[in-house]
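Student: Chains as they are written, first to last, in this note's numbering: chain A, 1200 to 1312; chain B, 1123 to 1234.
Shown below is the structure under consideration.
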Amino acid sequence: EAQVTQNPRYLITVTGKKLTVTCSQNMNHEYMSWYRQDPGLGLRQIYYSMNVEVTDKGDVPEGYKVSRKEKRNFPLILESPSPNQTSLYFCASSLSRGSYEQYFGPGTRLTVT
Amino acid sequence: AQSVAQPEDQVNVAEGNPLTVKCTYSVSGNPYLFWYVQYPNRGLQFLLKYITGDNLVKGSYGFEAEFNKSQTSFHLKKPSALVSDSALYFCAVRDITGKLIFGTGTRLQVFP
Chain A
1200 EAQVTQNPRY
1210 LITVTGKKLT
1220 VTCSQNMNHE
1230 YMSWYRQDPG
1240 LGLRQIYYSM
1250 NVEVTDKGDV
1260 PEGYKVSRKE
1270 KRNFPLILES
1280 PSPNQTSLYF
1290 CASSLSRGSY
1300 EQYFGPGTRL
1310 TVT
Chain B
1123 AQSVAQPEDQ
1133 VNVAEGNPLT
1143 VKCTYSVSGN
1153 PYLFWYVQYP
1163 NRGLQFLLKY
1173 ITGDNLVKGS
1183 YGFEAEFNKS
1193 QTSFHLKKPS
1203 ALVSDSALYF
1213 CAVRDITGKL
1223 IFGTGTRLQV
1233 FP
């Protein structure tokens, strides 16, 4: 089944404790991105990657890192999480930057206390 | 800068009645417009898109959307609402980097 998977689905952590949210897709997509969803703000892009070893900042990159060492994986790293990073995070992928449909993962709900 | 606006936080409709979820856009050049739906505890699912061509676009689950260039709108519609259509709906426009720029979302509540 074609899908985007994220782990973990739920995470409660404390300020400053490094964490990684994994994202993997099995559709051989070139383009992957991370969004965060906050009430009243919709979804905002954090980082995106057009291909392996090619990443770039989205609208809200501060406090986040990403890497794209393999085509299928695009982990999101929070080196020192803070409470304002409490949010719902979605990974998405598409065949290429120009593709019209993006496929979204199920989401990761992160709480930083 | 490109943007979309969803003026209604919530839309309530009775089952069997037609529904409309509003979206207006602001873009330079030709817009690539999308509707996504989010069910509770799920990721976003693609409903439909407008790229070019016919102003009435048909999508999944019986939804359609009407592109209106003069009013810069892309409203989502369905002739007969179902209780199972209750969800959060997002309008989005795609920019040149492939990024989707989302509206703030409209919660659709369909009452039996």
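No residue lacks a Cβ here, since even glycine has one placed at the ideal position from N, Cα and C.
Three or more C-beta pairs under 8 angstroms: does that hold for the region 1247 to 1263 of chain A against the region 1131 to 1146 of chain B?
Tutor: no
Student: Assuming Q1128 (chain B) and C1213 (chain B) are in contact, meaning their beta carbons sit under 8 angstroms apart, how far apart are those beta carbons, in whole angstroms?
Tutor: Looking up residue 1128 (chain B) in the second sequence gives position 6. Looking up residue 1213 (chain B) in the second sequence gives position 91. Indeed they touch by this definition, with Cβ atoms about 6 angstroms apart.
Student: How would you write the range of the beta strand (DSSP E) that N1225 (chain A) sits in, first residue to last?
Tutor: Along the first sequence, read from residue 1 onward, the residue named residue 1225 (chain A) stands at position 26. For N1225 (chain A), there is no enclosing beta strand (DSSP E), as DSSP gives it neither H nor E.
Student: Using a Cβ-Cβ cut-off of less than 7 angstroms, list which residues of the region 1203 to 1227 of chain B approach chain A; keep chain order.
Tutor: F1212, T1219, G1220, K1221, L1222, F1224, G1225, T1226, G1227
Student: If I'm right that A1291 (chain A) touches Q1284 (chain A) with Cβ under 8 angstroms, what's the distance once you round it to whole angstroms?
Tutor: For the purposes of this step, residue 1291 (chain A) is taken as the residue at position 92 of the first sequence. For the purposes of this step, residue 1284 (chain A) is taken as the residue at position 85 of the first sequence. Not a contact, Cβ separation roughly 19 angstroms.
Student: Less than 9 angstroms between the C-beta atoms of Q1231 (chain B) and V1159 (chain B), yes or no?
Tutor: In the second sequence, the residue the question calls residue 1231 (chain B) occupies position 109. In the second sequence, the residue the question calls residue 1159 (chain B) occupies position 37. No. Outside cutoff.
Student: Does the CB of Y1154 (chain B) have a neighbour CB from chain A at under 9 angstroms?
Tutor: Here residue 1154 (chain B) refers to the residue found at position 32 of the second sequence. Judged by the 9 angstroms Cβ criterion, Y1154 (chain B) is in contact with chain A.
Student: Near P1282 (chain A), which residues of its chain fall below 8 angstroms by C-beta distance, leaving aside the five closest residues on each side in sequence?
Tutor: To locate residue 1282 (chain A), count along the first sequence from 1; it is residue 83. If we look at P1282 (chain A) and ignore the five residues flanking it on each side, its Cβ neighbours are T1214, V1311, T1312.
Student: Give a yes or no on contact between the region 1154 to 1168 of chain B and the region 1183 to 1202 of chain B, applying the rule of three or more CB pairs nearer than 8 angstroms.
Tutor: A contact exists between the region 1154 to 1168 of chain B and the region 1183 to 1202 of chain B.
Student: Between which two residues does the beta strand (DSSP E) carrying R1229 (chain B) extend?
Tutor: Taking the second sequence and counting its residues from 1, one reaches residue 1229 (chain B) at position 107. First-last of the beta strand (DSSP E) with R1229 (chain B): 1228 to 1233.
Student: Which residue wins for smallest C-alpha separation from A1203 (chain B), given the options B:F1233, B:Y1172, B:A1187, B:D1217?
Tutor: Residue numbering aside, residue 1203 (chain B) sits at position 81 when the second sequence is read from its first letter. The candidate whose alpha carbon is nearest that of A1203 (chain B) is B:F1233.
Student: At what residues does the beta strand (DSSP E) containing Q1284 (chain A) begin and finish?
Tutor: Counting from one through the first sequence, the residue named residue 1284 (chain A) turns up at place 85. Here Q1284 (chain A) belongs to no beta strand (DSSP E), and DSSP marks it neither H nor E.
Student: May I ask you to report which of helix, strand or coil DSSP gives D1217 (chain B)?
Tutor: Here residue 1217 (chain B) is taken as the residue at index 95 of the second sequence, counted from 1. Coil, per DSSP.
Student: Quick one: what's M1231 (chain A) bridged to in DSSP?
Tutor: As a position in the first sequence, residue 1231 (chain A) is number 32, starting the count at 1. For M1231 (chain A), which the question treats as bridged, DSSP gives the partners A:S1248, A:S1292.
Student: Closer than 9 angstroms, Cβ to Cβ, to anything on chain B: give me those residues from the region 1291 to 1302 of chain A, in chain order.
Tutor: A1291, S1293, S1295, R1296, G1297, S1298, Y1299, E1300, Q1301, Y1302
Student: Any beta-carbon of chain B closer than 9 angstroms to the one on M1249 (chain A)?
Tutor: Residue 1249 (chain A) sits at position 50 when you count from the first residue of the first sequence. Yes, contact with chain B.
Student: Just list the residues that DSSP pairs N1190 (chain B) with in beta bridges.
Tutor: Looking up residue 1190 (chain B) in the second sequence gives position 68. Partner(s): B:S1195.
Student: Give, in chain order, every residue of the region 1267 to 1290 of chain A whose Cβ lies closer than 9 angstroms to some Cβ of chain B.
Tutor: F1289, C1290
Student: Distance, Cα to Cα, T1174 (chain B) vs F1189 (chain B)?
Tutor: Working through the second sequence from its first residue, we reach residue 1174 (chain B) at position 52. Working through the second sequence from its first residue, we reach residue 1189 (chain B) at position 67. The straight-line gap from Cα to Cα measures roughly 10 angstroms.
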